[in-house]
Amino acid sequence: MKTLIVCKSHHHGNTWKIAETIGEVLNAEIIEPKERYSSSLSNYDLLGFGSGIYWARFPGEIFDFVENLPEVEGKKAFTFSTSGMRKIPIINGFGGKIKDKLSEKGFEIVGEFSCRGYNTFFLFKLVGGIQKGKPGDEDLRRAKEFAKRTRNKD
Ligand SMILES: Cc1cc2nc3c(=O)[nH]c(=O)nc-3n(C[C@H](O)[C@H](O)[C@H](O)COP(=O)(O)O)c2cc1C
1 MKTLIVCKSH
11 HHGNTWKIAE
21 TIGEVLNAEI
31 IEPKERYSSS
41 LSNYDLLGFG
51 SGIYWARFPG
61 EIFDFVENLP
71 EVEGKKAFTF
81 STSGMRKIPI
91 INGFGGKIKD
101 KLSEKGFEIV
111 GEFSCRGYNT
121 FFLFKLVGGI
131 QKGKPGDEDL
141 RRAKEFAKRT
151 RNKD
């Protein structure tokens, strides 16, 4: 299953670590959303979209990337994220809206992964940040398991 991962990770590279872990299992190519994919996506069967959570959601760059894709048929997608806080539906829903956007484009959503990531944003910086050392070994192990399950959904 040929896989492309699109990842935005500008705070501490937390989500990029997850992208690399998942990417290794799926033998995926990993790009940033700003590297607008010029060649056709028709070569890919599976696309992964990952990001740090900024202001309780995926960033505009990922939405723009998806918006600029053609409508697809028979393609699968998964999402992944890292965040300072736990996912709480409604106030910190994280990947919900990006999954809706992907479904609108015709993707079948086959999975979602999330874990905590080191966060030094704003006041958290004053106390040396929260979620130090995250994602850690256990998160990377979970990400690997997630990738294996996703691969087996082929
Ligand atoms: C501008 C900004 C806004 C953030 N907003 C949230 C938020 O709403 N909820 C949350 O749980 N974490 C929030 N965080 C923490 C990040 O989601 C967390 O540190 C994440 O692991 C960053 O991933 P990255 O290193 O891949 O960019 C925010 C961080 C920044 C810099």
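Residue numbers (UniProt numbering): 1 to 154.
C-beta atoms are modelled at their ideal positions from N, C-alpha and C, and glycine is treated no differently.
Exposure of residue 119, with buried meaning 16 or more beta-carbon neighbours within 10 Å: With 16 or more other Cβ atoms from the protein chains shown falling within 10 Å of its own Cβ, residue 119 counts as buried.
Cut-off 6 Å between Cβ atoms - residues of its own chain near residue 96, not counting five sequence neighbours on either side: none
What residues in its chain sit with their C-beta under 6 Å from that of residue 58, if we drop five residues either side in the sequence? 51 and 98
Assess, as a yes-or-no matter, whether the stretch 10-17 is touched by the stretch 127-140 under the definition of 3 or more beta carbon pairs within less than 8 Å. yes
Residue 27 - DSSP class collapsed to helix/strand/coil: coil
Which first and last residues belong to the beta strand (DSSP E) in which residue 110 is found? 108-116
Mind checking whether residue 65 and residue 112 have CB atoms under 8 Å apart? At the C-beta level, residue 65 and residue 112 stay beyond 8 Å of one another.
Is residue 52 near ligand 1 - that is, is its Cβ less than 7 Å away from at least one heavy atom of it? yes
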